[in-house]
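Chemist: Sharing a structure with you now.
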Amino acid sequence: VGHYPFFYTNNQLREVLPQFEFRFGNHVRNALIGFSSAVVSDVTANPIRVLKVVRQTSLTPISYAEAVRSIVAEEGWTGLWSRGLRTRILANGIQGSLFMVLWKALSESLDRRL
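Counting with the numbering used here, you get residues 6 to 119 for the letters of the sequence shown.
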């Protein structure tokens, strides 16, 4: 689920974000795009992940609707988005930044060789 918003955001930012004209500007741009893409992906997919975890850890089998009702009753609607989101953004933001910087650097290096 999280891949679609990640790559959609990545593609959109690549079109609108200007190139940075300083040393390592390309790496900074790729890191920002990777981090931003990871944040959008995490925010949009977090409710699905929260529901999955609630269902998996429930002592008795519950439906998705019952999982939503229990979360909303305990924490309100923000519970679907807030559970674990800070940690997920930190971890996936760093991973997304590193992935984009390394992937693009490797891709550009291979393109120059061919």
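Glycine residues also receive a C-beta, built at the ideal position from the N, C-alpha and C atoms.
Just so it is clear, the structure is predicted and the values come from calculations on it, not from any experiment.
1) Are three or more beta carbon pairs between the stretch 99 to 117 and the stretch 57 to 74 nearer than 8 Å?
2) How close, in whole Å, do the beta carbons of V21 and A50 come, if the pair is a contact with beta carbons under 8 Å?
3) Contact check, A43 vs G101 under 8 Å by CB: the rounded distance?
4) How far does the alpha helix (DSSP H) with Q17 in it extend, from its first residue to its last?
5) State yes or no: is the C-beta of Y69 within less than 8 Å of the C-beta of L90?
6) Taking only the alpha-carbon atoms, compute the straight-line gap between A78 and F29 and give it to the nearest angstrom.
Modeler: By the coordinates alone:
1) When C-beta atoms of the stretch 99 to 117 are compared with those of the stretch 57 to 74, fewer than three pairs fall below 8 Å, so the two segments do not count as touching.
2) For the purposes of this step, residue 21 is identified with residue 16 of the sequence shown, where counting begins at 1. For the purposes of this step, residue 50 is identified with residue 45 of the sequence shown, where counting begins at 1. Rounded, the Cβ-Cβ distance is 23 Å, inconsistent with contact.
3) As a working mapping, residue 43 is identified with position 38 in the sequence shown. As a working mapping, residue 101 is identified with position 96 in the sequence shown. That pair is a contact at about 3 Å.
4) Mapped onto the sequence shown, residue 17 falls at position 12. 8 to 21 is the span of the alpha helix (DSSP H), which, as asked, contains Q17.
5) Locating residue 69 in the sequence shown gives position 64, where the first residue counts as 1. Locating residue 90 in the sequence shown gives position 85, where the first residue counts as 1. No.
6) As a working mapping, residue 78 is identified with position 73 in the sequence shown. As a working mapping, residue 29 is identified with position 24 in the sequence shown. Taking the straight line from one Cα to the other gives about 49 Å.
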